[in-house]
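Undergrad: So the mapping is simple: the working numbering equals the position in the sequence shown, first residue as 1, plus 17.
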Amino acid sequence: MIAKEDRNQAALAIFLDAHPQLREEIQVLDSREQAQQVQWAFEDEAQAQGLEPWELALQLIAQSPEELKAMRLEVHQEVADALGLSWEDYCEFNAIEL
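1. In its own chain, which residues sit with a C-beta less than 7 Å from the C-beta of P70, not counting the 5 before and 5 after it?
2. DSSP three-state label for Q44, please.
3. At which residue ranges does the segment 63-90 contain complete alpha helix (DSSP H) runs of 4 or more residues, listed in the order of the chain?
4. In three-state terms, what does DSSP make of N25?
5. Assuming L77 contacts A28 under a Cβ cut-off of 8 Å, what Cβ separation, rounded to an integer in Å, is found between them?
6. Could you give the DSSP three-state label for L102: helix, strand or coil?
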């Protein structure tokens, strides 16, 4: 499993590899602008798929359906903690099945 702090960058790299036309279009930009364009394209793709960017990132980097489920639950647990909700209440409120 990819370390949590490296997940977004790994997903963006996978996304960019899958979109060579984007890589070609942005090659004339400086590195900061390239990163920004890739991020925007990634977010647009997530929206087109009806996903949050973090969900698309996890889909791209997961090695298996089980790993994807575990990473999703991990994110949801972090949100529940940040909101101060019990895990059970959060799961019920968001219709999350364990």
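We put the CB at the ideal spot given by N, CA and C, even for glycine.
TA: If we stick to the structure as given:
1. Taking the first residue of the sequence shown as position 1, residue 70 is located at position 53. Closer than 7 Å at the Cβ level, and outside the excluded window around P70, lie F59, E60, A63.
2. Counting from 1 along the sequence shown, the entry for residue 44 is found at position 27. The three-state reading of DSSP puts Q44 in coil, since its state is none of H, G, I, E or B.
3. Counting only runs of 4 or more, we get 70-78.
4. Position 8 of the sequence shown holds residue 25. Of the three classes helix, strand and coil, the one that applies to N25 here is helix, per DSSP.
5. Stepping through the sequence shown from its first residue, residue 77 is reached at position 60. Stepping through the sequence shown from its first residue, residue 28 is reached at position 11. Taking the Cβ atoms as the reference, L77 lies roughly 4 Å from A28, within the contact range of under 8 Å.
6. For the purposes of this step, residue 102 is identified with residue 85 of the sequence shown, where counting begins at 1. If DSSP states are grouped into helix, strand and coil, L102 belongs with coil.
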